[in-house]
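Colleague: Chains A and B, in that order, give the protein sequences. Per this note's numbering, residue 1 is the first one in the first sequence, and the count goes up by one each step. Per this note's numbering, residue 1 is the first one in the second sequence, and the count goes up by one each step.
2 protein chains.
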Amino acid sequence: MAGRSTQLNKIKGVIREQIVGGVLLPQQKLSSERELSDRFSTTRITIKDALTSLETEGLIYREERKGWFVSPPRIHYNPLSRSHFHQMIREQQRIAETKVVNVETVLATSDHAKVLERSDFPTVHLIRRLRYIDGRAVLFVENCLISELFPGILQENLTTSLTGLYKEKYGYTTSRSRFDVIPTAAPEHVAKSLGIAAGQQVLKICRVNYNQDEVIIDCEFEYWRPDSVVITIDSCEDCEKTSAY
Amino acid sequence: MAGRSTQLNKIKGVIREQIVGGVLLPQQKLSSERELSDRFSTTRITIKDALTSLETEGLIYREERKGWFVSPPRIHYNPLSRSHFHQMIREQQRIAETKVVNVETVLATSDHAKVLERSDFPTVHLIRRLRYIDGRAVLFVENCLISELFPGILQENLTTSLTGLYKEKYGYTTSRSRFDVIPTAAPEHVAKSLGIAAGQQVLKICRVNYNQDEVIIDCEFEYWRPDSVVITIDSCEDCEKTSAY
DNA sequence: AAGTGGTCTAGACCACCCC
DNA sequence: GGGTGGTCTAGACCACTTC
Numbered sequence: 001m002a003g004r005s006t007q008l009n010k011i012k013g014v015i016r017e018q019i020v021g022g023v024l025l026p027q028q029k030l031s032s033e034r035e036l037s038d039r040f041s042t043t044r045i046t047i048k049d050a051l052t053s054l055e056t057e058g059l060i061y062r063e064e065r066k067g068w069f070v071s072p073p074r075i076h077y078n079p080l081s082r083s084h085f086h087q088m089i090r091e092q093q094r095i096a097e098t099k100v101v102n103v104e105t106v107l108a109t110s111d112h113a114k115v116l117e118r119s120d121f122p123t124v125h126l127i128r129r130l131r132y133i134d135g136r137a138v139l140f141v142e143n144c145l146i147s148e149l150f151p152g153i154l155q156e157n158l159t160t161s162l163t164g165l166y167k168e169k170y171g172y173t174t175s176r177s178r179f180d181v182i183p184t185a186a187p188e189h190v191a192k193s194l195g196i197a198a199g200q201q202v203l204k205i206c207r208v209n210y211n212q213d214e215v216i217i218d219c220e221f222e223y224w225r226p227d228s229v230v231i232t233i234d235s236c237e238d239c240e241k242t243s244a245y
Numbered sequence: 001m002a003g004r005s006t007q008l009n010k011i012k013g014v015i016r017e018q019i020v021g022g023v024l025l026p027q028q029k030l031s032s033e034r035e036l037s038d039r040f041s042t043t044r045i046t047i048k049d050a051l052t053s054l055e056t057e058g059l060i061y062r063e064e065r066k067g068w069f070v071s072p073p074r075i076h077y078n079p080l081s082r083s084h085f086h087q088m089i090r091e092q093q094r095i096a097e098t099k100v101v102n103v104e105t106v107l108a109t110s111d112h113a114k115v116l117e118r119s120d121f122p123t124v125h126l127i128r129r130l131r132y133i134d135g136r137a138v139l140f141v142e143n144c145l146i147s148e149l150f151p152g153i154l155q156e157n158l159t160t161s162l163t164g165l166y167k168e169k170y171g172y173t174t175s176r177s178r179f180d181v182i183p184t185a186a187p188e189h190v191a192k193s194l195g196i197a198a199g200q201q202v203l204k205i206c207r208v209n210y211n212q213d214e215v216i217i218d219c220e221f222e223y224w225r226p227d228s229v230v231i232t233i234d235s236c237e238d239c240e241k242t243s244a245y
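#1: Name the two residues that bound the continuous beta strand (DSSP E) containing E17 (chain B).
#2: By how many angstroms is the C-alpha of V124 (chain A) removed from the C-alpha of I216 (chain A)?
#3: Tell me which same chain residues have a C-beta within less than 7 Å of the C-beta of L54 (chain B), skipping the five on either side of it?
#4: Relative to the alpha-carbon of I231 (chain A), which residue among A:E220, A:A198, A:F179, A:D213 has its alpha-carbon at the smallest distance?
#5: Let me confirm a value: I95 (chain A) is counted as buried when at least 16 other C-beta atoms fall within 10 Å, else exposed. Which label applies?
#6: Could you confirm whether any beta carbon from chain A is found closer than 8 Å to the beta carbon of A113 (chain B)?
#7: Does DSSP put E104 (chain A) in a helix, a strand or coil?
#8: Take L203 (chain B) and list the residues in its own chain whose beta-carbon comes closer than 7 Å to its own, dropping the five residues that flank it on each side.
#9: Assign E97 (chain A) to one of three DSSP states: helix, strand, or coil.
#10: Measuring CA to CA, which of B:Y132, B:Q201, B:N143, B:A137 is closest to H86 (chain B)?
#11: Please list, in chain order, the chain A residues whose beta carbon lies closer than 7 Å to that of F179 (chain B).
#12: Identify the contact partners of S53 (chain A) in chain B, using a Cβ-Cβ distance below 8 Å as the criterion.
#13: Nearest chain B C-beta to T56 (chain A) closer than 8 Å, yes or no?
#14: In three-state terms, what does DSSP make of E63 (chain A)?
#15: Using DSSP's beta-bridge definition, name the partner residues of N143 (chain A).
#16: Using a C-beta to C-beta distance shorter than 8 Å, which residues of chain B count as neighbours of L203 (chain A)?
#17: Going by the beta-carbon positions, is the gap between L165 (chain A) and I153 (chain A) smaller than 8 Å?
#18: Name, please, each residue of chain B whose Cβ falls closer than 8 Å to the Cβ of V246 (chain A).
#19: Which residues in chain A sit within 8 Å of P226 (chain B), going by Cβ to Cβ distance?
#20: Residues in the same chain with beta-carbon distance under 6 Å from A198 (chain B), minus the five sequence neighbours each way, listed in chain order, please.
#21: Among residues of its own chain, excluding the 5 on either side of T98 (chain A), which ones have a beta-carbon nearer than 6 Å to its beta-carbon?
#22: Say whether the region 67-81 of chain A touches the region 16-29 of chain A, bearing in mind that this needs 3 or more beta-carbon pairs closer than 8 Å, one atom from each stretch.
#23: Buried or exposed: I45 (chain B), going by 16 or more other Cβ atoms within 10 Å of its Cβ?
#24: Tell me whether F121 (chain B) is buried or exposed, calling it buried when 16 or more other Cβ atoms sit within 10 Å of its Cβ.
#25: Assuming K114 (chain A) is part of the beta strand (DSSP E), what are its boundary residues?
#26: First and last residue of the alpha helix (DSSP H) that includes K204 (chain A)?
#27: Suppose you measure from the CA of I75 (chain B) to the CA of I89 (chain B); what does that come to, to the nearest Å?
#28: List the residues that DSSP assigns as beta-bridge partners of V229 (chain B).
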């Protein structure tokens with residue numbers, strides 16, 4: 001099932017076998033495009049087409065202007081589970097890290113207000129963070145918190161779980177959340193943070209969180225490198241978890 | 001926020017405005033790549049890069065060797081909801097259609113057996129169907145049913161809801177389902193059915209369904225055109241729905 | 001300074017679709 | 001048969017990273 005025997009498919013096949021066969025290891029850099037085009041006696045354009053196609057499969061990824069690398073196994077992620085990012089990654093025997101990109105307090109844009117279902121354009125804290133797995137930046141998150149509900153939160157340590165902070169400092173627990181998953185292109189600031197070229201594919205997840213009183217307290221925009229994750233949902237598990245809160 | 005002012009970004013900007021501004025309507029064909037490369041005084045490669053980038057955004061899609069078309073609005077899809085495909089599409093004021101691609105009865109492959117959690121490689125019915133929205137093929141589905149649980153099902157009308165058949169003919173209701181969402185490349189037979197080029201991006205959803213006795217009765221592999229859908233999940237709603245069954 | 005990917009030119013042939 | 005996108009050649013310059 002290798003498809004028509006084009007140059008493209010041959011190149012893809014060779015590289016795919018090297019990855020699946022373990023000749024190339026996760027996060028290892030592939031040869032440069034020029035080197036590959038020599039080795040396969042073809043042009044950079046054809047090589048780039050082959051690499052882009054393997055990227056779509058989720059086998060490799062690129063760091064802008066650095067090169068192409070082998071994708072590590074995907075992380076299983078359940079957006080309904082209130083498990084913290086660091087805990088979730090640790091449970092999958094991987095290493096998590098979080099860095100704050102920037103923080104600001106502004107009036108909600110119309111986009112934010114819409115998601116938060118607030119027609120009065122409240123003041124919000126925007127917290128933008130980058131999350132790493134095994135040293136690789138895979139997730140850009142923007143949290144948008146209604147500021148009056150979270151006095152003083154910007155003075156806290158924001159590299160850990162916000163959900164944890166919500167609970168400990170403010171007594172909010174998430175009774176319910178609603179989210180959308182959309183395959184789309186990375187906006188420019190996201191692409192820059194993740195080290196991908198603008199306009200490349202990401203998996204966008206928009207989430208709205210409700211507290212125990214069914215009040216929307218924040219929303220979140222996640223942008224995942226598409227090869228890094230598989231969204232996993234179990235209706236049963238989630239209902240148990242939700243009702244346990 | 002138009003990015004660096006490259007030729008690429010200019011072309012993308014012009015076409016994007018025509019789409020957002022309603023000059024180009026959903027499902028309308030764009031000019032051919034050659035025509036566009038004339039109009040923008042550039043080469044087909046650059047035009048193709050621009051179009052591919054807009055495709056990643058979800059603004060346009062392609063039909064293999066036919067051309068590029070404007071994407072209609074995305075359908076909201078909740079894989080946990082047991083709502084039937086046709087009903088779901090109708091509720092969103094769109095027109096649904098289903099065609100059977102082929103049907104076969106075979107021994108489960110190791111992939112299927114694994115998902116079905118059956119180490120004995122049972123005989124399964126594979127039902128492959130193509131689903132259309134407003135006349136456009138957007139979803140390829142392969143259902144894999146454990147054949148001993150569904151005697152005679154292949155004689156039924158398979159262009160409607162399988163879930164409906166499960167209930168009416170066999171008394172099975174789905175108490176629980178578990179699914180994975182994965183951005184990946186279209187396998188060859190899927191690409192061919194959907195009319196996309198092999199190796200292009202799709203959103204793959206693998207689902208396992210349990211009946212009221214917590215027995216796995218079938219699994220399903222869905223391949224969506226990535227611009228056609230947004231996965232929407234509400235923890236609250238789902239719990240209500242699940243418990244209502 | 002050397003090397004990388006990102007962008008771009010100016011062509012070509014082929015497989016397939018539609019008329 | 002004419003037009004479409006899919007694939008491919010053989011180069012080029014630029015922005016950025018790495019050393």
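Yeah, the Cβ is synthetic: ideal placement off N, Cα and C, and Gly gets one too.
Modeller: On the basis of the coordinates in this document:
#1: Not the beta strand (DSSP E): E17 (chain B) falls in the alpha helix (DSSP H), residues 7-20.
#2: Cα to Cα, the separation comes out at about 13 Å.
#3: So the qualifying residues of the chain are K12, I15, R16, I60.
#4: Closest by C-alpha distance to I231 (chain A), out of A:E220, A:A198, A:F179, A:D213, is A:F179.
#5: Burial call: exposed.
#6: It does not: the Cβ of A113 (chain B) has no partner Cβ on chain A nearer than 8 Å.
#7: The answer is strand: DSSP assigns E104 (chain A) an E or B state.
#8: Within the same chain, Cβ atoms closer than 7 Å to the Cβ of L203 (chain B) are found at V181, P183, W224, P226, V229, the five residues on either side in sequence being excluded.
#9: E97 (chain A) falls in the strand class under three-state DSSP.
#10: Nearest to H86 (chain B) by C-alpha distance, out of B:Y132, B:Q201, B:N143, B:A137, is B:Y132.
#11: The answer, in chain order, is I233.
#12: The answer, in chain order, is A185, G199.
#13: Answer yes: the Cβ-Cβ gap between T56 (chain A) and chain B drops below 8 Å somewhere.
#14: Note: E63 (chain A) maps to strand in three-state DSSP.
#15: Beta-bridge annotation (DSSP): N143 (chain A) is paired with A:I127, A:E220.
#16: Contact note: L203 (chain A) reaches chain B through P183, using a C-beta cutoff of 8 Å and chain order.
#17: In contact: L165 (chain A) and I153 (chain A) (Cβ atoms closer than 8 Å).
#18: Residue coverage of chain A in this structure runs from 1 to 245, which leaves residue 246 (chain A) outside it and unanswerable.
#19: Result: P183.
#20: Sequence-distant partners of A198 (chain B) (beyond 5 residues in either direction) whose C-beta falls short of 6 Å from its own C-beta, in its chain, are E188, A191.
#21: Taking T98 (chain A) as the centre and dropping the five residues before and after it, the same chain places the C-beta of R129, R131, T159 closer than 6 Å to its C-beta, in chain order.
#22: Counting Cβ pairs under 8 Å, three or more are found: they touch.
#23: Looking at its Cβ environment, which holds fewer than 16 other Cβ atoms inside 10 Å, I45 (chain B) is exposed.
#24: Here F121 (chain B) is exposed, its C-beta having fewer than 16 other C-beta atoms within 10 Å.
#25: Unbroken run through K114 (chain A) is the alpha helix (DSSP H), 110-116; no beta strand (DSSP E).
#26: Looking at the DSSP string, K204 (chain A) is not in any alpha helix (DSSP H); the run it does join, the beta strand (DSSP E), is 201-210.
#27: Distance between the alpha carbons of I75 (chain B) and I89 (chain B): 7 Å.
#28: Beta-bridge pairing links V229 (chain B) to B:I75.
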